[in-house]
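Peer 1: Here's a structure for you.
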Amino acid sequence: NAGVTQTPKFQVLKTGQSMTLQCAQDMNHNSMYWYRQDPGMGLRLIYYSASEGTTDKGEVPNGYNVSRLNKREFSLRLESAAPSQTSVYFCASSEAFRFSGSDEQFFGPGTRLTVL
Amino acid sequence: QQQVKQSPQSLIVQKGGISIINCAYENTAFDYFPWYQQFPGKGPALLIAIRPDVSEKKEGRFTISFNKSAKQFSLHIMDSQPGDSATYFCAASIRGSGQNFVFGPGTRLSVLP
């Protein structure tokens, strides 16, 4: 039982390059999330997926796209990276679905992204 | 109305002392208040959580105090240990509604030996 896994752990991009961050969970959770963490700002929600095939924008969605490939996997894509997207990205999952299930969010180890 | 405020930004405590971190929220629809602990290089992990139908919850050395009328809640760490040194995030959400999960900015706790 690996919990929530993320790849890659580190990435350096040049401005304008694209990349996809991968996330998978093996807990059969319904909901999955992508957050970014910046110093002094806590965790901010980028996108959220309540179930396979559904996604919703969070607080800071601009510059990102997501895909909920199946119940296990939720990817985050940067189409044209900008220095403002330098951050640590966390994927999380929870049972929560339609106002039922545990609200506890389980986090992956994070991806540290630098955009030059 | 979605903001969660947290203080202090950083905290230094001697081993054996009490660490206290405070949070305040505005949205009265929030009904789930967790605290997450994060060690350097790791993802956050749930430490303890409370719902607004109780005023206090204790798990070992960790206690959440909740004041619904003031829209405030706090984390108390008794007998603080060097191993408690981490960043602590309070959060608030509407139960079962993951997209309404809002985190505070975090408190970096250092417990001196």
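Chain order of the listed sequences is A and B.
So that you can map any letter, position 40 of the first sequence is 1445 in our numbering, and since no number is skipped, the others follow by simple counting.
So that you can map any letter, position 29 of the second sequence is 73 in our numbering, and since no number is skipped, the others follow by simple counting.
Where is the CB? At the ideal position from N, CA and C, for every residue including glycine.
With distances taken Cα to Cα, identify the nearest neighbour of Gly87 (chain B) among A:Arg1477, A:Trp1439 and A:Gln1422.
Peer 2: For the residues A:Arg1477, A:Trp1439 and A:Gln1422, the minimum Cα distance to Gly87 (chain B) belongs to A:Trp1439.
Peer 1: Using a beta-carbon distance below 9 Å, is Leu119 (chain B) in contact with chain A?
Peer 2: Not an interface residue.
Peer 1: What number of angstroms, rounded off, separates the C-alpha of Ala1486 (chain A) from the C-alpha of Asn1470 (chain A)?
Peer 2: Approximately 12 Å, taken between the alpha carbons.
Peer 1: Less than 9 Å between the C-beta atoms of Met1424 (chain A) and Gln1416 (chain A), yes or no?
Peer 2: Closer than 9 Å, so yes.
Peer 1: Residues in its own chain within less than 7 Å of Asn1406 (chain A) by CB, not counting five upstream and five downstream?
Peer 2: So the qualifying residues of the chain are Asp1431.
Peer 1: Closest to Leu1418 (chain A) by C-alpha separation, out of A:Phe1495, A:Cys1496 and A:Gln1490, would be which residue?
Peer 2: Ranking A:Phe1495, A:Cys1496 and A:Gln1490 by Cα distance to Leu1418 (chain A) puts A:Gln1490 first.
Peer 1: Counting only beta-carbon separations shorter than 9 Å, does Phe110 (chain B) have a partner in chain A?
Peer 2: It does not; no Cβ of chain A falls within 9 Å.
Peer 1: Cα separation between Val98 (chain B) and Gly1463 (chain A)?
Peer 2: Taking the straight line from one Cα to the other gives about 30 Å.
Peer 1: Mind listing the chain A neighbours of Lys86 (chain B)? Cutoff is C-beta to C-beta under 9 Å, in chain order.
Peer 2: What Lys86 (chain B) touches in chain A: Phe1512, Pro1514 and Gly1515.
Peer 1: Run through the DSSP bridge pairs and tell me what Phe1415 (chain A) is partnered with.
Peer 2: DSSP lists A:Arg1517 as partners of Phe1415 (chain A).
Peer 1: Keeping to the same chain, check which residues put their C-beta closer than 8 Å to that of Leu1450 (chain A); ignore five residues upstream and five downstream.
Peer 2: So the qualifying residues of the chain are Tyr1438, Trp1439, Tyr1440, Gly1463, Glu1464 and Val1465.
Peer 1: Can you tell me whether Ser1472 (chain A) is helix, strand or coil according to DSSP?
Peer 2: Three-state result, Ser1472 (chain A): strand.
Peer 1: Taking Phe133 (chain B) as the reference, give the member of A:Ser1480, A:Glu1478, A:Tyr1453 and A:Gly1445 with the closest Cα.
Peer 2: Nearest C-alpha to Phe133 (chain B): A:Gly1445.
Peer 1: State the start and end residues of the unbroken beta strand (DSSP E) segment that holds Tyr1453 (chain A).
Peer 2: From DSSP, the beta strand (DSSP E) with Tyr1453 (chain A) extends over Leu1448 to Ser1454.
Peer 1: Would you grab the beta carbon distance between Gly140 (chain B) and Asp1508 (chain A) for me? Rounded to a whole angstrom, and I think it's under 8 Å.
Peer 2: The Cβ separation is near 7 Å, so the contact holds.
Peer 1: Enumerate in chain order the residues of its own chain whose CB-to-CB distance from Phe74 (chain B) is below 7 Å, with the five nearest sequence positions on each side excluded.
Peer 2: Correct list, in chain order: Ala136, Ser137 and Ile138.
Peer 1: Lys1476 (chain A) to Arg1482 (chain A), Cα distance in whole Å?
Peer 2: Cα-Cα distance, rounded: 18 Å.
Peer 1: Here's a check: name, in chain order, each residue in its chain whose Cβ is nearer than 7 Å to the Cβ of Pro126 (chain B), leaving out the five neighbours to either side.
Peer 2: These residues qualify, in order along the chain: Lys59, Val155 and Pro157.
Peer 1: With Ile62 (chain B) as the anchor, note down where its beta strand (DSSP E) starts and where it stops.
Peer 2: It is not in any beta strand (DSSP E) - Ile62 (chain B) carries neither H nor E in the DSSP assignment.
Peer 1: Shorter than 9 Å from the beta carbon of Gln50 (chain B) to some beta carbon of chain A?
Peer 2: Yes, contact with chain A.
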